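J.: Protein chains in written order, with the numbering used here: chain P, 55 to 304; chain F, 55 to 304. No residue lacks a Cβ here, since even glycine has one placed at the ideal position from N, Cα and C. Source: prediction; values computed, not measured. If you scroll down you'll find the structure; I have some questions about it.
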DNA sequence: AAGATGATAAAGATGATATCTTTAGTTCGA
DNA sequence: TCGAACTAAAGATATCATCTTTATCATCTT
């Protein structure tokens, strides 16, 4: 094979059928990802220009381009144009991953019920951990959000966005980036069909619950925070399920 | 380019001129994703060949290629070569998404603690829902897995894989695809450093707990199933955290 | 002789290469 | 500070290679 492999020649996997059958660009992608998992590459590391990568792989620039497009879509690299530019290993980008999950869930056609149960799983734990880990700064952010609730309570769309940000702020107060990333993806998917059946009494009730939640988190009562969030998400779930049924059965 | 703002319900992109700052390929990616979220595209739908897409976008094949590479990496399309080939909207592929999350979590450098707390969030809810929704077939699968536990209990690596499959089977018994997808990704990340501190007594204890869990799920007791799984994952968490500390502090 | 099977050629589509122009950043010097 | 030179990606065009499907034709069997 004329192609200079990224892997060392002594690698027994180098000529596996699955590997040799793959495209050149996919092998570059694999190589970079493997290096990333093996900690041989870290965020900020420079991969070089398209030309550099092409030369290293013994392939043309298009191949390097294809690989970089894929790595970029996966959020592995960031690409800059101009002098000193090229590809670098990116820092983590939760939003990107959230979109990937959103795509997958849409393709799989998951139901509202499934979505909301998963959201309950994430958010109850987030509330619990927020009660344990929230800093003074986190609490300030949550209280700011409560003020925003009052300011936007008359505007359905704005109020919905405020509530989403509040829930995200709770997750961030848990100081668990996995939970934040997962909640972010779920919100991405469930966002469009959100602002219905939002009457004034419901809005006020939500605000009351959110207020109570902040107090409980501030008082460091993890068990109560979990229970409160559990009830809250169950209520949201009930509303969404009914919304979904009315929209599909008519 | 890979960041896709797919929430633009009232954005008629039909006559929109080139938006500065965005590449041509990124706009194709945007359009396809938007169409997907708006249900104008569904799995199996044909997007056409690279040439078709290029012509439709009024650009060259390179642009269409770049867009398809990105969409492929996101798991949105599947590409076939040969006559009648081209790009089609893919069915959901959880494995692909799991890989994407693994990359993101690696880049973000999340701690074992964060991973395990998220896993606890997912798995406790999965156990709860499994108790409510498990079919006879699900229970048979779980009992098969228990038999496999006994067969592999002497082999650390095999036993670890068996346990992972058991936990996944519980998630599948919940009939919630979101939870399955999320657990799959977490397992993908935490898989490599799994088989340490697995002594014979620990293995036996795990088997006991798994057996009890199946019984509880079979008896449809959701609350007990959740509590049991909660304790179980907390035990796993304790083991993993200690493993992590011994490996990093020395 | 009719139908089934196998080989082959043609067409369609991605994979890959080479070369070029344009556009967007960076660096450096006046 | 501003602008020019440089660098590198974005994009275009042409060409070849490789893989797949499909249609055709020859051969073999019944």
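Which partner residues does residue 143(F) have in the DSSP bridge list?
T.: Looking up residue 143(F) in the second chain gives position 89. The partner list for residue 143(F) (beta bridge, DSSP) reads 131(F).
J.: Quick check: residue 196(F) and residue 224(F), are their CB atoms within less than 8 Å of each other?
T.: Within the second chain, residue 196(F) is the residue found at index 142, counting from 1. Within the second chain, residue 224(F) is the residue found at index 170, counting from 1. It is a contact, given that the beta carbons lie within the stated cut-off.
J.: Verify the CB distance criterion: does residue 187(F) have a CB-CB separation below 8 Å to chain P?
T.: For the purposes of this step, residue 187(F) is identified with residue 133 of the second chain, where counting begins at 1. Cβ-Cβ to chain P under 8 Å: no for residue 187(F).
J.: So which residues of chain F does residue 110(P) contact, with C-beta pairs closer than 9 Å?
T.: By one-based count along the first chain, residue 110(P) stands at place 56. Correct list: empty, because the minimum Cβ distance to chain F is about 19 Å.
J.: Is the Cβ-Cβ distance between residue 105(F) and residue 115(F) less than 8 Å?
T.: Translated into positions along the second chain, residue 105(F) becomes position 51. Translated into positions along the second chain, residue 115(F) becomes position 61. Yes, they are a contact pair.
J.: Sort 108(F), 271(F), 90(F), 295(F) by Cα distance to residue 159(P) and report the nearest one.
T.: Position 105 of the first chain, counted from the start, is the residue given in the question as residue 159(P). Comparing Cα positions, the closest option is 90(F).
J.: Using a C-beta to C-beta distance shorter than 7 Å, which residues of chain F count as neighbours of residue 176(P)?
T.: What you label residue 176(P) is simply residue 122 of the first chain in a count that begins at 1. Per Cβ cutoff of 7 Å: 175.
J.: Counting contacts by CB-CB distance shorter than 8 Å, is residue 206(F) in contact with chain P?
T.: Along the second chain, read from residue 1 onward, the residue named residue 206(F) stands at position 152. Chain P, which has no Cβ nearer than 8 Å to the Cβ of residue 206(F), makes this no.
J.: Taking any Cβ of chain F, which residues in the segment 159–172 of chain P have a Cβ under 7 Å from it, in chain order?
T.: Within the segment 159–172 of chain P, the qualifying residues are 159, 160, 161, 162, 164, 168, 169, 171, 172.
J.: Go ahead and pull the three-state DSSP assignment for residue 252(F).
T.: Taking the second chain and counting its residues from 1, one reaches residue 252(F) at position 198. Residue state, collapsed to three classes: coil.
J.: Output needed for residue 140(F): all residues of its chain with C-beta closer than 8 Å, excluding positions within five of it in sequence on either side, in chain order.
T.: Position 86 of the second chain, counted from the first residue, corresponds to residue 140(F). So the list reads 100, 101, 102, 103, 104, 106, 133, 134, once near-sequence residues are dropped.
J.: Run the CB neighbour count on residue 126(F), radius 10 Å, all protein chains shown included, and call it buried at 16 or more, exposed below.
T.: For this step, residue 126(F) is matched to residue 72 along the second chain. So residue 126(F) ends up on the buried side.
J.: Using a 10 Å radius around the Cβ and a threshold of 16 neighbouring Cβ atoms, would you call residue 129(P) buried or exposed?
T.: One-based indexing of the first chain puts residue 129(P) at position 75. Buried, since its Cβ has 16 or more Cβ neighbours within 10 Å.
J.: Between residue 82(P) and residue 111(P), which are expected to be in contact by the criterion C-beta below 8 Å, what is the C-beta distance as a whole number of angstroms?
T.: Translated into the one-based positions of the first chain, residue 82(P) becomes position 28. Translated into the one-based positions of the first chain, residue 111(P) becomes position 57. Correct: roughly 5 Å between the Cβ atoms.
J.: Indicate the three-state DSSP secondary structure (helix, strand or coil) for residue 95(P) in the structure shown.
T.: Here residue 95(P) is taken as the residue at index 41 of the first chain, counted from 1. Residue state, collapsed to three classes: coil.
J.: Just to confirm my understanding: we take residue 229(P), look at its own chain, exclude 5 residues before and 5 after, and list those with CB closer than 6 Å. What are they?
T.: Numbered from its first residue, the first chain carries residue 229(P) at position 175. If we look at residue 229(P) and ignore the five residues flanking it on each side, its Cβ neighbours are 187.
J.: At the level of alpha carbons, what is the spacing between residue 278(P) and residue 238(F)?
T.: Start at 1 with the first residue of the first chain, and residue 278(P) comes out as number 224. Start at 1 with the first residue of the second chain, and residue 238(F) comes out as number 184. Each residue's Cα considered, the two are about 30 Å apart.
J.: Report yes or no: do three or more beta-carbon pairs, one from the segment 178–185 of chain F and one from the segment 172–179 of chain P, lie closer than 8 Å?
T.: A contact exists between the segment 178–185 of chain F and the segment 172–179 of chain P.
J.: Contact defined as beta carbons within less than 8 Å: I believe residue 264(P) pairs with residue 203(P). What is the distance between those atoms, to the nearest angstrom?
T.: Sequence index remark: in the first chain, residue 264(P) carries index 210 (1-based). Sequence index remark: in the first chain, residue 203(P) carries index 149 (1-based). With 8 Å as the limit, residue 264(P) and residue 203(P) qualify as a contact, their Cβ atoms being about 6 Å apart.
J.: Which chain P residues sit within Cβ distance under 9 Å of residue 120(F)?
T.: Counting from one through the second chain, the residue named residue 120(F) turns up at place 66. Neighbours of residue 120(F) on chain P, chain order: 119, 120, 123.
J.: For residue 127(F) and chain P, any beta-carbon pair shorter than 8 Å?
T.: The residue given as residue 127(F) occupies position 73 in the second chain. Cβ-Cβ to chain P under 8 Å: yes for residue 127(F).
J.: Under DSSP, the beta strand (DSSP E) around residue 274(F) begins and ends at which residues?
T.: Stepping through the second chain from its first residue, residue 274(F) is reached at position 220. That residue, residue 274(F), is in no beta strand (DSSP E); it is neither H nor E in DSSP.
J.: State the Cα-Cα distance for the pair residue 291(P) and residue 254(P), rounded to the nearest angstrom.
T.: Here residue 291(P) refers to the residue found at position 237 when the first chain is read from its first residue. Here residue 254(P) refers to the residue found at position 200 when the first chain is read from its first residue. Distance between the alpha carbons of residue 291(P) and residue 254(P) is about 18 Å.
J.: Taking Cβ positions, are residue 151(P) and residue 235(P) nearer each other than 8 Å?
T.: By 1-based counting over the first chain, the position of residue 151(P) is 97. By 1-based counting over the first chain, the position of residue 235(P) is 181. Yes, these two residues count as a Cβ contact at 8 Å.
J.: Can the beta-carbon of residue 317(P) be found less than 8 Å from the beta-carbon of residue 252(P)?
T.: Outside the displayed range of chain P (55 to 304) lies residue 317(P), so it cannot be described from this structure.
J.: The alpha helix (DSSP H) with residue 156(P) in it runs from where to where?
T.: Start at 1 with the first residue of the first chain, and residue 156(P) comes out as number 102. Taken as a continuous stretch (DSSP letters only), the alpha helix (DSSP H) holding residue 156(P) covers 148–162.
J.: Nearest-angstrom Cα distance between residue 168(F) and residue 156(P)?
T.: Here residue 168(F) refers to the residue found at position 114 when the second chain is read from its first residue. Here residue 156(P) refers to the residue found at position 102 when the first chain is read from its first residue. Those two C-alpha atoms are separated by around 22 Å.
J.: State the start and end residues of the unbroken beta strand (DSSP E) segment that holds residue 102(F).
T.: For the purposes of this step, residue 102(F) is identified with residue 48 of the second chain, where counting begins at 1. Unbroken beta strand (DSSP E) run through residue 102(F): 100–102.
J.: Does residue 209(F) come out as helix, strand or coil in the three-state DSSP assignment?
T.: Locating residue 209(F) in the second chain gives position 155, where the first residue counts as 1. Note: residue 209(F) maps to coil in three-state DSSP.
J.: What separation, rounded to the nearest whole angstrom, lies between the Cα atoms of residue 280(F) and residue 201(P)?
T.: As a first step, residue 280(F) is located in the second chain; it is residue number 226 there, counting from the start. As a first step, residue 201(P) is located in the first chain; it is residue number 147 there, counting from the start. Distance between the alpha carbons of residue 280(F) and residue 201(P): 36 Å.
J.: Taking only beta carbons into account, state which residues of the segment 137–148 of chain F come closer than 9 Å to chain P, listed in chain order.
T.: Within the segment 137–148 of chain F, the qualifying residues are 143, 144, 145, 146, 147, 148.
J.: With distance defined between alpha-carbon atoms, name the residue in 117(P), 170(P), 84(P), 85(P) nearest to residue 306(P).
T.: In this structure chain P extends from 55 to 304, so residue 306(P) is not present and cannot be described.
J.: Taking CB distances under 8 Å as the criterion, tell me whether residue 236(F) reaches chain P.
T.: As a first step, residue 236(F) is located in the second chain; it is residue number 182 there, counting from the start. Yes, because at least one Cβ of chain P sits closer than 8 Å to the Cβ of residue 236(F).
J.: Report yes or no: is there a C-beta of chain P within less than 8 Å of the C-beta of residue 287(F)?
T.: Here residue 287(F) is taken as the residue at index 233 of the second chain, counted from 1. No, because no Cβ of chain P sits closer than 8 Å to the Cβ of residue 287(F).
J.: Assuming residue 294(F) and residue 166(F) form a contact by the criterion Cβ under 8 Å, report the distance between their Cβ atoms to the nearest whole angstrom.
T.: Position 240 of the second chain, counted from the start, is the residue given in the question as residue 294(F). Position 112 of the second chain, counted from the start, is the residue given in the question as residue 166(F). About 5 Å separates the two Cβ atoms, so the contact holds.
J.: Residue 191(P): buried (16+ other C-beta within 10 angstroms of its C-beta) or exposed?
T.: One-based indexing of the first chain puts residue 191(P) at position 137. When all chains shown are included, residue 191(P) counts as exposed.
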